[in-house]
Structures are given as C-alpha cells and as structure tokens.
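Top line first, the protein sequences correspond to chains Y and B. Heads up: the first sequence at position 175 corresponds to 188 in my numbering, and the numbers run straight through without jumps. Heads up: the second sequence at position 34 corresponds to 55 in my numbering, and the numbers run straight through without jumps. Ideal Cβ positions, reconstructed from N, Cα and C, are used throughout, including at glycine. Remarks on the structure that follows.
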Amino acid sequence: MRPASPLQRTVDWLERHPKVVGTLAVVIVIAIWTLVTRPSTRLRGTLPPPHALVLKLWTVMRDGYGGTPLWTHFQASLLRTMTGFVTGSLAGILIGLCMGYNRVVSSALSPFFSFVRPIPAIAYIPMVILWFGIGEFSKVLLIFMASFLYVSLNTAAGVHAVPEDLLRVSRALGARGWQVFFFVILPEALPYVMLGLKVGLALSWAIVVASELVAAQSGLGYMIMDAGTFFRIDDVYVGVFLIGAVGLLLERTLTMLERRYVHWSGK
Amino acid sequence: MATMSQKAIEIVGLSHEFFGQAGASRVVEDIDLTIAPGEFLTIVGPSGCGKTTLLNIIGGFIRPTAGEVLVGGRPIQGPGPDRGVILQGYALFRWLTVQQNAEFGLRMQGRTRRDRTDVARHYLSLVGLDEFRSYYPYQLSGGMKQRVAIARALAADPDILLMDEPFAALDAQMREILQEELLRIWDKTGKTIFFITHSVDEAIFLSTRVCVMTARPGRLKRVTEVSLPQPRFDYHVRTTRAFNDLRESLLELVREEVVRVRAER
Chain Y
14 MRPASPLQRT
24 VDWLERHPKV
34 VGTLAVVIVI
44 AIWTLVTRPS
54 TRLRGTLPPP
64 HALVLKLWTV
74 MRDGYGGTPL
84 WTHFQASLLR
94 TMTGFVTGSL
104 AGILIGLCMG
114 YNRVVSSALS
124 PFFSFVRPIP
134 AIAYIPMVIL
144 WFGIGEFSKV
154 LLIFMASFLY
164 VSLNTAAGVH
174 AVPEDLLRVS
184 RALGARGWQV
194 FFFVILPEAL
204 PYVMLGLKVG
214 LALSWAIVVA
224 SELVAAQSGL
234 GYMIMDAGTF
244 FRIDDVYVGV
254 FLIGAVGLLL
264 ERTLTMLERR
274 YVHWSGK
Chain B
22 MATMSQKAIE
32 IVGLSHEFFG
42 QAGASRVVED
52 IDLTIAPGEF
62 LTIVGPSGCG
72 KTTLLNIIGG
82 FIRPTAGEVL
92 VGGRPIQGPG
102 PDRGVILQGY
112 ALFRWLTVQQ
122 NAEFGLRMQG
132 RTRRDRTDVA
142 RHYLSLVGLD
152 EFRSYYPYQL
162 SGGMKQRVAI
172 ARALAADPDI
182 LLMDEPFAAL
192 DAQMREILQE
202 ELLRIWDKTG
212 KTIFFITHSV
222 DEAIFLSTRV
232 CVMTARPGRL
242 KRVTEVSLPQ
252 PRFDYHVRTT
262 RAFNDLRESL
272 LELVREEVVR
282 VRAER
C-alpha cells in the first residue's frame, strides 16, 4: 500500500480529535456570524453580532431584566420545573413499577397511555388554564403530566425487561417476594428509569418555557416573550441562550448521576 | 441425619405440558428418576427435549401438570435455598461486585455482615477469584463470570446444584478447565449435582450417571452408570479406551433422537 496522502493524514488526525473539531466548528460559526452582522449589513436589525450579545448577557446578569434580577427569573422557572418534575417522576416510578410488576394493572392503564402519549403536553395549556387558571398550579401540572408519562412508561418497560433467569436465580438463593423486588427488580430496572428521567427532565424544561410564554409574570419564558413584545431583540437572544445553557446543565447533571449510579449499564 | 435419606431428589411419574395457542403440547413425559445424595447426574438430549423444563420443575420454577418431585423426602413448594441454580447465561447481578454477588444468598437469609464476607470469600477463593472480589461482572470474561455464579450458588450452601448447560457459552479450552474445577469442587463439597448438557463428552467426563432423553416429548431413553476412575480431575481420562467406548454408545443414542427430530420437521 502507498503511504497516506497529506490530506488523508489530516482527515485521520481530525477523526481522532473530536474536541478540536467541535471547538473549531464553533469558532467558524461565530466568525461567519460576526461577518454577516457587520454594521453595513441588513441583518443587523434582527440578529445582533456576537460581541453585542456577550455585552448584553453581562448587563442582564448584572442588572436583571424588567426591573427584576435575573436570578429571580431563573428561580421561577427552575422551581416550577423541579416541583413538577420531582413529583411527576416519583408518581411515574411508583405507577411504572406497578405496571411492570402486575400484568392486570398494565393492561388496564395501557389504552390510556397509548392515547395520551402522542399528545404534546403544550396542547393541554388551554385546557389546564380553563380548569385551574393561569397560576403556578397550572404550569406545575403540565410538567407533572409530561414527566409522569415518560418516567412511568420507561419504568414499566424496565421492569418488564428484567430477565426471567435473574428472578429464578435470586429465588433459588432464598430471596422472597419483596426481597426480589427491592434487591433485583428495582436495580435491574434502574437504567430504564434513568432514561425516562432524562427525557422527562428535558421535556419539563421545554414545557416550563412554553407555559411561561403564554401566561406568566416571571421566568425565562416570560422574559423572552416580554422582550419580543417590546422589540428588545438583544434580550430575546440572551434569554434563548440562557434557556439553552440551563437545559444543557440539567442534562449534564443527570448524565453525571447516571455515570455514578448505573455505571454498569450497557456493558 | 433424618433428611439424609438415600434419595436427594426423587422424581415420580412426572409429565409436563405447555398450553400455547396451538393447544397443549407435551414437553416431558413419564419421568421416574431417583438421585442419591452426592451423586453427579447428567441429562443429555437433543435441543427441545425438555431438559431445561425438567430442571425448572426441580428448581420449583414450574409446577408440573402431572407427577411430583421430592427433595430430601418432601414435595417441593417452589424455589428454595436448598437448590442452587447455575445457568448458561450466568445471570449475575450487574450492579453488584463479585464479592457482593457471592454474598447475595446469605444477605437474603439475613446473615450478619461479617459472616457473609467470610463465607463469600471462602467460596470465591475456591473458584480462584480472590483478586477479583471488587470487580463488576462486566469487567470479567465468560469463564470468570461462570465462576462467580458457581461461588454465589455455593455460598448459599444448597444441598443440590442444578446446572443448565453452564459451560455451553465458553470456548473449548475454558470449558475443559471449568469442568475439571467443577469436579474438584464437587469432590470437596459433596453436593448433589443435576447437570444438563448437550455434549456427550461433558456428560461422561463429569458424571456418575448419564441419562439420555428422547426427542420431544422427553422421556428417559437410557440411564447409564459411568464407571470411569474417580477422582477424574485429570484430563487424560478423556482419551482412554473406556471413555471412548462409552462415548461411542451414548453418541449413537443421542444421534438417533436428533435424527428423529430432523425427520419429523
């Protein structure tokens, strides 16, 4: 075989260094972005240049938005998300375990789940407002529903997937009913539960923003909606960036927990 | 001891049917078999002859449609720690370390932590896994995983070991090494072993008696004493005249059944 060409060698090197490629891609996009948002271009009105956004981000972080400190908006969104997500997940795990453990419960609930699953939680916003008004409860309820659905279905799938051999071996080792449940079924289903939690949390964060767009006086969703209404373009972008950053942080936190507690999964 | 009758396992008029969408299908039929304490009994037969079903019935995982199984003179009431199970797929607890896997049975029985640690250590060193106690199953090779499963079963101190093709997934060399280790363990612990395999060689090398089963519905076709010298840790046994003669006759019996299954399909 002939020695690799310089081009081939470069490609090989890039394949082995994904982090360099990622950083490079970001730098290139920012460069193009800066280029197309020069003062002379027409894009300037709807897309601020990167450096203006960094500046704006700094001012918003220092002074807050709409007279309220940024932290208050963060807190509002996070509190709603966490309340809905934690209660929804706990209920989801509980019901999911029952469904996975008992065929009758599963058969009774599955038509409802099948029907509800394809409905995006956002579609319930008008309904929930009609029933419970535009207060905190409505927003938390939406998040509760979304995380409950995903966590319960995944938990049930996890319990179903526990191999029969594992149950037999543990019974032959002397494990009784509840011991089999706590020491075998629960840990074996944990990777599925984690997956449900990850999807559930990502969804919860999306829903809180959506629900704040419709009716809220605080929160990051409210912030971008308000900024849009008053044509404060920079603030809209800063808000969107912050929503992305928090979402990423939440996802990373769960991934970290997953690596710590279900390190054996998939191996 | 009162429970040490001359029958560790007694299978009486056992038949089992599965009820599927195509109606009832008979898996095992009219099995009568008595296994003495300390015996190493192997079942050989073509795929689908009901070997595993038989093991599952003795294990108490399946209730037979007719007949019964007595263990230590008493009819079995479901699975219990008197019958340890070792399966082809290891069925280890992935979230537990090797040490914790070995301790599992003792933990379920409510033994103290110190007790558990000592007993599990003892059996892990018996299977040569001293240095791997803190490993997780995914860090081990197939042969090591099966060793963990053996130590885990032994640590719960059952009278009987039920083994369902435990070495079938291992490569040829590892299989032979584990067979020799199992014989050593059997010699040391005096357990009664009920062993399922599709390999005639494995059956002859390991057991005191070999049962050949017919194709489905599985019946006992022939029960043969293996009168090779004991202990048999030495692999040279595998190439002796006596071994080969027995192999010849058993292979023929099994092949007849395999051919019959082929012909029916």
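### Query
If we call anything under 9 Å between Cβ atoms a contact, is residue 175 of chain B one with residue 104 of chain B?
no
### Task
Identify each residue in the segment 163–193 of chain Y for which the Cβ-Cβ distance to at least one residue of chain B is less than 8 Å, and report them in chain order.
For the segment 163–193 of chain Y, which is checked against every Cβ of chain B, the residues closer than 8 Å are 176, 178, 179, 181, 182, 183, 184, 185, 186, 187, 188, 189 and 192.
### Message
For a test of the three-state rule: what should DSSP assign to residue 225 of chain Y, helix, strand or coil?
### Response
helix
### Query
Does the Cβ of residue 123 of chain Y have 16 or more other Cβ atoms within 10 Å, making it buried, or fewer, making it exposed?
exposed
### Task
Starting from the C-beta of residue 48 of chain B, find all residues in its chain whose C-beta is less than 7 Å away, skip the five residues before and the five after it, and write them out in chain order.
37, 38, 39, 71, 74, 237, 238 and 239
### Message
Helix, strand or coil, according to DSSP, for residue 106 of chain B in the structure here?
### Response
strand
### Query
Sorted by chain position, which residues of the same chain lie with C-beta nearer than 8 Å to residue 62 of chain Y's C-beta, five sequence neighbours on each side aside?
46, 47, 50 and 51
#### Entry: Neighbour-count burial assignment, residue 109 of chain Y, 16 or more Cβ in a 10 Å radius
buried
### Message
Rounding to the nearest angstrom, what Cα-Cα distance links residue 57 of chain B and residue 223 of chain B in this structure?
### Response
20 Å
### Query
Cβ of residue 275 of chain Y less than 9 Å from any chain B Cβ?
yes
#### Entry: chain B residues whose Cβ lies nearer than 9 Å to that of residue 200 of chain Y
114, 115, 116 and 117
#### Entry: residue 106 of chain B: contacting residues in chain Y (beta-carbon distance under 9 Å)
178, 181, 182, 184, 185 and 186
### Query
Under a Cβ-count criterion, where at least 16 other Cβ atoms within 10 Å of its own Cβ denotes burial, should residue 167 of chain B be classed as buried or exposed?
buried
### Query
With 16 other CB atoms within 10 Å as the buried threshold, where does residue 17 of chain Y fall?
exposed
### Task
Rounded to whole angstroms, what's the CA-CA distance from residue 23 of chain Y to residue 33 of chain Y? Just pull it up for me.
So the alpha carbons of these two residues sit roughly 13 Å apart.
### Buried or exposed (CB count within 10 angstroms, at least 16 for buried), residue 56 of chain Y
With fewer than 16 Cβ atoms within 10 Å of its Cβ, residue 56 of chain Y is classed as exposed.
### Message
Using 9 Å as the threshold, is the C-beta distance between residue 161 of chain B and residue 141 of chain B below it?
### Response
no
### Query
If the cut is a Cβ gap below 8 Å, which residues of chain Y does residue 100 of chain B touch?
181, 184 and 185
### Task
Using a Cβ cut-off of 9 Å (strictly closer), state whether residue 179 of chain B contacts chain Y.
So, interface residue.
### Task
Would you list the residues sitting across from residue 39 of chain B in a DSSP beta bridge?
B/46
### Query
Quick one: is residue 210 of chain Y buried, meaning 16 or more other Cβ sit within 10 Å of its Cβ, or exposed?
buried
### Task
Indicate whether at least one CB of chain B lies closer than 9 Å to the CB of residue 197 of chain Y.
It does: the Cβ of residue 197 of chain Y has a partner Cβ on chain B nearer than 9 Å.
### Task
Please check if any C-beta of chain Y sits within less than 9 Å of the C-beta of residue 195 of chain B.
no
### Message
Just verifying my parser: in three-state terms, what is the DSSP assignment at residue 70 of chain B?
### Response
coil
### Query
Just curious, the beta strand (DSSP E) that residue 242 of chain B is in, first and last residue?
For residue 242 of chain B, the enclosing beta strand (DSSP E) stretches over residues 241–246.
### Message
Please classify residue 146 of chain B as buried or exposed, where buried requires at least 16 other C-beta atoms within 10 Å of its C-beta.
### Response
exposed
### Query
Between residue 278 of chain B and residue 66 of chain B, is the Cβ-Cβ spacing less than 9 Å?
yes
### Query
Which first and last residues belong to the beta strand (DSSP E) in which residue 257 of chain Y is found?
Here residue 257 of chain Y belongs to no beta strand (DSSP E); instead the alpha helix (DSSP H) covers 246–274.
### Query
Closest to residue 222 of chain Y by CA distance: which of Y/64, Y/95 and Y/126 is it?
Y/95
### Task
Kindly list the residues whose CB is nearer than 8 Å to the CB of residue 137 of chain B, restricted to its own chain and excluding five residues on each side of it in sequence; keep chain order.
124, 127 and 128
### Message
Assuming residue 128 of chain Y is part of the alpha helix (DSSP H), what are its boundary residues?
### Response
116–129
### Query
In angstroms, rounded to a whole number, what distance separates the CA positions of residue 100 of chain B and residue 29 of chain Y?
53 Å
### Query
Could you check where the beta strand (DSSP E) with residue 152 of chain B kicks off and where it finishes?
Per DSSP, residue 152 of chain B belongs to no beta strand (DSSP E) and is neither H nor E.
#### Entry: DSSP three-state assignment for residue 201 of chain B, whether helix, strand or coil
Helix at residue 201 of chain B.
### Query
With 16 other CB atoms within 10 Å as the buried threshold, where does residue 132 of chain Y fall?
exposed
#### Entry: Contact with chain B by residue 203 of chain Y, beta-carbon distance below 9 Å
yes
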